[in-house]
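Quick note: the sequence shown, position 47, residue 57 per my numbering, numbers continuous.
Yeah, the Cβ is synthetic: ideal placement off N, Cα and C, and Gly gets one too.
First up is the structure itself, then whatever we jot down about it.
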Amino acid sequence: MTLSEIQKKLVKLKERGFIQTLRRGPTGIGYTLERELGLTESNIAIPDFGGRVELKSSRRDSSSLITLFTFNRGVWQISQRKVIENYGYIDENGRRALYNTIWMGRDNTSGLSILLDKPENQVKLIYKNTNELIAKWSIFVLVGKFLSKLERIIFVLADSRTNEENKEEFHFNEAYYLEDPSHENFFTAFNSSKIAIDIRMHLKENNVVRNHGTGIRIHEKDIVFLYENKRKLL
């Protein structure tokens with residue numbers, strides 16, 4: 011299927027107005043879009059652009075976060091155990107833990123904050139009260155990780171409502187072909203609180219760190235801001 015063919019299908023889908031979801035729950039939008047486009051998987055071949063393209067969709071008013079990727083290797087400037095001991099808390103299981111989503115310019119219970127170092131092209135995680143450096147990521151590495159997963163996507167937005175039968179309906183009415191995320195766009199996304207750092211780790215009974223992966227997360231609807239080249243399809 012070519013990009014032009016997908017665009018024509020999207021136009022026809024928009025013209026139909028609201029359509030009832032084919033699956034209940036958060037995944038209903040993606041499943042319904044795929045079926046309406048005649049696709050059996052979200053990763054599709056686009057011959058005129060080469061390679062494969064990921065299909066993504068989002069409710070326009072969604073506040074849901076998605077994990078772009080996780081990245082821990084070589085980023086910690088102090089041991090992860092000390093991070094948990096110094097900035098964590100006792101969770102409901104009686105463990106010393108640190109599960110916290112950190113946004114630029116927003117207060118959080120851990121006192122951790124994001125600092126952008128543009129001259130060094132780094133995103134830094136610091137303790138706000140002392141400016142202690144906890145971890146740092148190269149923005150180029152972050153962009154590279156993102157490219158390896160989502161180099162090109164077709165991103166579709168939909169209005170959502172609930173009908174008289176208490177079933178969700180979607181109006182797919184905006185779509186873009188996106189490619190080439192840039193380091194400047196990532197900096198902007200961090201700076202405008204569109205991207206967050208999600209820390210997810212705790213100490214096990216034997217005092218060993220259990221790290222579920224530090225996530226780089228974004229609101230679904232904001233993913234369009236990461237790309238340098240945007241082609242409006244709908």
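Just how far apart, CA to CA, sit residue i and residue j?
{"i": "T80", "j": "R45", "result": "30 Å"}
{"i": "K159", "j": "E15", "result": "24 Å"}
{"i": "I94", "j": "R171", "result": "42 Å"}
{"i": "E238", "j": "E194", "result": "9 Å"}
{"i": "T224", "j": "G115", "result": "19 Å"}
{"i": "S123", "j": "V166", "result": "32 Å"}
{"i": "Q17", "j": "A185", "result": "9 Å"}
{"i": "L108", "j": "F156", "result": "25 Å"}
{"i": "E243", "j": "I149", "result": "Just to set this straight, residue 243 is Leu in the shown sequence, not Glu. The alpha-carbon atoms of L243 and I149 are separated by roughly 29 Å."}
{"i": "L213", "j": "R106", "result": "6 Å"}
{"i": "K128", "j": "N141", "result": "17 Å"}
According to DSSP, what are the bridge partners of residue i?
{"i": "K146", "result": "K134"}
{"i": "Q30", "result": "E179"}
{"i": "F165", "result": "K66 and Y186"}
{"i": "S170", "result": "F180"}
{"i": "N110", "result": "I209"}
{"i": "P191", "result": "Y237"}
Specify the secondary structure class of residue i as computed by DSSP and reduced to three states.
{"i": "G225", "result": "strand"}
{"i": "S123", "result": "strand"}
{"i": "L152", "result": "helix"}
{"i": "L243", "result": "coil"}
{"i": "E238", "result": "strand"}
{"i": "T37", "result": "coil"}
{"i": "T50", "result": "coil"}
{"i": "T12", "result": "coil"}
{"i": "K128", "result": "coil"}
{"i": "R116", "result": "coil"}
{"i": "T140", "result": "coil"}
CB-CB under 6 Å to residue i, same chain, minus the five flanking residues each way: which ones, in chain order?
{"i": "R91", "result": "V219"}
{"i": "D117", "result": "none"}
Which same chain residues, not among the five before or five after residue i, have their C-beta less than 7 Å away from its C-beta?
{"i": "G121", "result": "Y97, Y137, K138 and N139"}
{"i": "W147", "result": "F81, V85, Q132 and V133"}
{"i": "K177", "result": "Q30 and T31"}
{"i": "R69", "result": "I39, A168 and S170"}
{"i": "I207", "result": "I112, I124, L135, T224 and I226"}
{"i": "I5", "result": "One cannot answer for residue 5 here, as it falls past the ends of the chain, which runs 11 to 244."}
{"i": "P248", "result": "Since the first residue of the chain shown is 11 and the last is 244, residue 248 is not available in this structure."}
Sorted by chain position, which residues of the same chain lie with C-beta nearer than 8 Å to residue i's C-beta, five sequence neighbours on each side aside?
{"i": "N221", "result": "N82, Q90, R210 and M211"}
{"i": "A199", "result": "I205, I228, D232, F235 and L236"}
{"i": "K24", "result": "H181, F182, N183 and L244"}
*asked:* Which runs of the beta strand (DSSP E) at least 3 residues long sit entirely within the region 194-220? Give them in chain order.
replied: 205-213
*asked:* Going residue by residue through the region 57-104, where are the continuous beta strand (DSSP E) segments of at least 3 residues, counting only ones entirely within it?
replied: 62-69 and 75-80
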